[in-house]
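Protein chains in written order, with our numbering: chain A, 1 to 534; chain B, 1 to 76; chain C, 1 to 342. To start, the structure under review is shown below, and the notes come after it.
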Amino acid sequence: MAITSLSFILFIIAVFIAYFAVPKRFQWIVLLVTSTVFYLSYGIKSALYIFVTASTIYGATRWMQSITDNQKKYLKENKATLSKEEKSAYKDKNKKARKRIMVLTLLLNVGILCVFKYFHFALEQVNAVIGLFGGNQISDVYKFIVPLGISFYTFQSVGYLVDVYFEYYSAEKNYFKVLLFVTFFPQMTQGPISDFEKLSKELFTEYTLDYKNYSWGLQRMVWGFAKKMLIADTLAPMVKDVFTNYSQYTGITTLIGAFLYSIQIYADFSGYMDIMCGICEVMGIKLTENFDRPYFSKSIAEYWRRWHISLGDWFKKYIYYTIGMSNWSRKLATKTKDKFGKHLGNTVPATVALIVVWTATGLWHGATWAYIAWGLVNGLFIIFSLWMEPVYAGAKSKLKINDNNWAWQAFQILRTFILVTFIKVLPEVGTLSDGIGLWRQVFTNHVIPHTKMELMPYVNWKHNVDILAFLLAMFFTFLQFCASVIQNKQPVRAYFNKLPQVVRVFIIAVLVVLIASFGVQATWDAGGFMYANY
Amino acid sequence: MDELMDILMEIDPDIDYANETNLIDGKVLDSMSILALITEICDVFDIEIGPKWMRNENFNSVEAMWNMIQAIQEEE
Amino acid sequence: MRTIKQILLSLLYFVVFFATISAMVIIPYYNNESMGYQDASYRKSLAGKIDYIILGASQGQAGFIPKTLDEELGCYSYNLSIVLMPMHARKMELEQELSRNDVKTVVVEVSYDFLQLEAGHDAAVADERVLTRIDNWSGRFEYLTKHIRFDDWLNVYAHSFVTGIINMKTMYYNRGLNNEMNDSKGHLYRYKADITLTAEEAAAIHETKPYERNFYKDNYEVLKEILDICNEHGITTYIVCVPVSDAYVWEYSNLDDFLQWGQELAAEKNCLFLDFNLLKTRYEDFTDKESFSDKDHMSEEGAIVFTQRYIEVVKKIEAGEDVSGMFYSSYIDMIADSPYAK
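Structure follows, in structure tokens:
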């Protein structure tokens, strides 16, 4: 069931009614049933894998928890009779057992993810090596239908598994609650990736129908649909055109196309988040935010703390800190500090961890060399600015640049936006060489376009419909920009809800008319959400 | 407590540690600083901060960090 | 309780505003008949006169010139075709015209992919136009609920609203005025374009599109029902394929299966199948330079020639002559003589 369809709207209305009609203690069951229905609407075969993940995660966490609980009980009962060595050995044995369970379950689930995502890529590389030696390449006749949301729900489940292993909290005893955690439909397709403690608190609390939640939630949903359909889907064919035909366009045309891509992907992904957060808000559930006005970031590092926040947090918690806190990393830190000083002592271990994180991030986004390169480029920018920090600080004080100066901040924001756009575009054009080809076109083609047709050949200037749709997309992008500026102080809805109800509903009705007309037309051509293939 | 403040001031002298209670959740300390901080604490206080202590609440303020250090020392 | 009251009030406001704004655009668009394909009133005014009907989609709309048919065949014809016309709509409009006219001849225009149209996706544009060709709201509601998929209602709404907005000026100034399409009795004048392929382009696309009989849902059944209706009324029926460009034919493979399909259908339904792509004079009559507006639609220049050829063939058939000598017997033979084959 496509999110931008009449069926989905009716589905959501049914979810809302069921959720508030049942006795409050069954509300989470409504969520579980509707999530199952949602997932099954994409095909039963696909559902098998998410079921396997949920079941193995449940089994593993319960098993590990029982070892922990038994250990506590045993140690308490035999506190007096056991020697320190015996206690230590017993704890070690249990730790090893729990580790084995965790690792096997982790490998199984991440293995499933890797097969679906990386099988063809891996085969390509194997074939490349075989080709070097002149052997017979393996033909790739395997067709996989990737289960919906596998990258998201696998990461979320594995996070839970690791959290229980590290004893952050106890394992959930109720299988169906774990199943809901894994399959919760608003976030299962595109995130946000949540941690079990926070999300379960939201999912298993009882909620009363509340007018503020209803109105704020619906407003957010409508705004999400507007962003997705009036901005992202309208710009999608234009961006596709630039990525296909940039070699025939001027540098400035290509550059504008790249900026349109930045607008498109933000509107698409954050629009989806708004829809899902809005749905949850109506039900009183708070999802973690995935975006915090990312294009207002002043550096690449800051950008990645504001874009797809839940993914960044996941990588930080489970990869960056795991590597950075490991024994060899700390030894490296100490040795480097002793030899080269404090700054390098901090930066070197961070660099190692960052290279791993960014290679993994690149791979997560796509199984191509272009995506790996993309990840590493992002990582290198961040690493470079870490290394150069003392140099920048020195330069700033010499040039008397004040960090609070608005002109300096504006410069940083603009610079970061341009940089982010260039990096973002790299793996989206096609292969790595296509991406670089697009960069080259922007920098080397200096032809000045003289007509709007030459400036933006991807807008269909001959048809009024397309011109109007493009103007609407630009108008809503401007609205989105204004909203971002306002949000710095308070959510826009805080101001919006000061208007009388009838005025608010009128504005929403106008918005819905635009979405149901121009938006539906645009979506028809554009297809699904951009992050839905992960 | 003083030793802890010394470590923090070395990491980033511009932060008002006395009043700041949202060092991690508020993203006041960045991830590289956090790594450096943990390495220093482990070195100076001769403790191992196990994964189960790696929670935001234990690092959000100086008091929280100090409580955590003392709890770990007691365990060992 | 108060919360529920507030929610219901907000929903009421919403429905009222949404309906009002939509109606302000859609109702005038549907009722004012200022778009070329909105000919319900015009056709009603011709009731009793029409005895010759062209029933097809965009290729039929572009290829057949009713005025020429009237002059040469002494009939009173009407071209009942619109772009992507769904099969259910063709049946509905035919039945409507049969109920108020004494129709003697029906031409069912067919093309290589007309039965593959997925109602809703490709044809939601056409579904919306069909709704605007029905002159009462209960009829429109009936067609919407019977023949348009639920998930496509939003597409129909979108198309209606957007077309209404874009054409607001036309609608309000041209209220009730019919444009040239009514004068041309349903035929659409298309401007010619030179679509000749270069040698490289021809080589790149040659036989990349296999003809397949993958008909969507009940399109084929409805086509057969149309032919049955014609038989029941004793109507002379021709199943006609309007010529497409040499470039378009060059792209396809397996077209003899299409020929076979047409001949089998005609035999089953007691009518004639005439594929004018196989006309022996096609390479002199139609060129990719002049005769087409795009790869599969005739320009006005092409339509003038095609309508003449159609009239010649039909006159011969009605005089009892055998016309098989005027056509190639297979696509393979026809394609062998294509300018791109050299």
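For every residue, glycine included, the Cβ atom is placed at its ideal position computed from N, Cα and C. Being a predicted model, the structure only gives us computed values, none of them experimental.
How close, in whole Å, do the beta carbons of residue i and residue j come, if the pair is a contact with beta carbons under 8 Å?
i, j, result
"Val356 (chain A)", "Leu332 (chain A)", "Wrong, their Cβ atoms sit about 14 Å apart, outside the cutoff."
"Gly262 (chain C)", "Phe286 (chain C)", "About 19 Å separates the two Cβ atoms, so there is no contact after all."
"Lys117 (chain A)", "Val158 (chain A)", "Not quite, the Cβ-Cβ distance comes to about 14 Å (not below 8 Å), so this is no contact."
"Asp294 (chain C)", "Ala203 (chain C)", "In fact, because the Cβ distance is near 21 Å, the residues do not count as touching under 8 Å."
"Leu259 (chain C)", "Ser330 (chain C)", "7 Å"
"Val30 (chain A)", "Ala47 (chain A)", "So it is not a contact: roughly 19 Å between Cβ atoms."
"Leu272 (chain C)", "Ile317 (chain C)", "7 Å"
"Ser253 (chain C)", "Glu207 (chain C)", "4 Å"
"Asp39 (chain C)", "Val103 (chain C)", "At roughly 17 Å, the Cβ-Cβ gap does not stay under 8 Å, so Asp39 (chain C) and Val103 (chain C) are not in contact."
"Leu55 (chain C)", "Val110 (chain C)", "In fact, because the Cβ distance is near 10 Å, the residues do not count as touching under 8 Å."
"Thr3 (chain C)", "Tyr165 (chain A)", "That pair is no contact at about 44 Å."
"Val520 (chain A)", "Leu154 (chain C)", "5 Å"
"Thr416 (chain A)", "Lys298 (chain A)", "6 Å"
"Ile53 (chain C)", "Glu95 (chain C)", "Going by Cβ atoms, the distance from Ile53 (chain C) to Glu95 (chain C) rounds to 11 Å, so no, they are not a contact pair."
Rounded to whole angstroms, what is the Cα-Cα separation between residue i and residue j?
i, j, result
"Tyr249 (chain A)", "Ala258 (chain A)", "12 Å"
"Ile27 (chain C)", "Arg133 (chain C)", "13 Å"
"Asp288 (chain C)", "Leu265 (chain C)", "30 Å"
"Leu354 (chain A)", "Ile12 (chain A)", "40 Å"
"Val512 (chain A)", "Val222 (chain A)", "7 Å"
"Met92 (chain C)", "Leu115 (chain C)", "17 Å"
"Phe291 (chain A)", "Phe269 (chain A)", "9 Å"
"Ser22 (chain C)", "Lys228 (chain A)", "21 Å"
Helix or strand or just coil, what does DSSP make of residue i?
i, result
"Lys321 (chain A)", "As written in the sequence, residue 321 (chain A) is Tyr, which differs from the Lys given in the question. Correct three-state label for Tyr321 (chain A): helix."
"Asp358 (chain C)", "One cannot answer for residue 358 (chain C) here, as it falls past the ends of chain C, which runs 1 to 342."
"Trp137 (chain C)", "helix"
"Tyr211 (chain C)", "coil"
"Ser77 (chain C)", "strand"
"Ser253 (chain C)", "strand"
"Phe327 (chain C)", "strand"
"Trp314 (chain A)", "helix"
"Trp307 (chain A)", "strand"
"Phe144 (chain A)", "coil"
"Lys298 (chain A)", "coil"
"Thr456 (chain A)", "It is worth fixing the name first, because residue 456 (chain A) is Met in this sequence and not Thr. Residue state, collapsed to three classes: coil."
"Asp218 (chain C)", "coil"
"His187 (chain C)", "coil"
"Lys269 (chain C)", "coil"
"Leu104 (chain A)", "helix"
"Glu428 (chain A)", "coil"
Kindly say whether residue i, judged by its beta-carbon, lies nearer than 8 Å to any beta-carbon of chain A.
i, result
"Ile21 (chain C)", "yes"
"Ile38 (chain B)", "yes"
"Leu35 (chain B)", "yes"
"Met54 (chain B)", "yes"
"Phe14 (chain C)", "yes"
"Met32 (chain B)", "yes"
"Asp43 (chain B)", "yes"
"Tyr157 (chain C)", "yes"
"Trp261 (chain C)", "no"
"Gln38 (chain C)", "no"
In the DSSP output, which residue or residues are listed as bridge partners for residue i?
i, result
"Val240 (chain C)", "C:Glu109 and C:Leu274"
"Leu279 (chain C)", "C:Phe327"
"Leu55 (chain C)", "C:Val108"
"Phe155 (chain A)", "According to DSSP, Phe155 (chain A) bridges with nothing at all."
"Phe291 (chain A)", "A:Trp307"
Within 8 Å of any Cβ in chain C, is that where the Cβ of residue i sits?
i, result
"Ile508 (chain A)", "yes"
"Asn464 (chain A)", "yes"
"Ser297 (chain A)", "no"
"Gln480 (chain A)", "no"
"Ser329 (chain A)", "no"
"Trp524 (chain A)", "yes"
Between residue i and chain B, is any beta-carbon pair separated by less than 8 Å?
i, result
"Arg293 (chain A)", "no"
"Pro390 (chain A)", "no"
"Thr244 (chain A)", "no"
"Pro192 (chain A)", "no"
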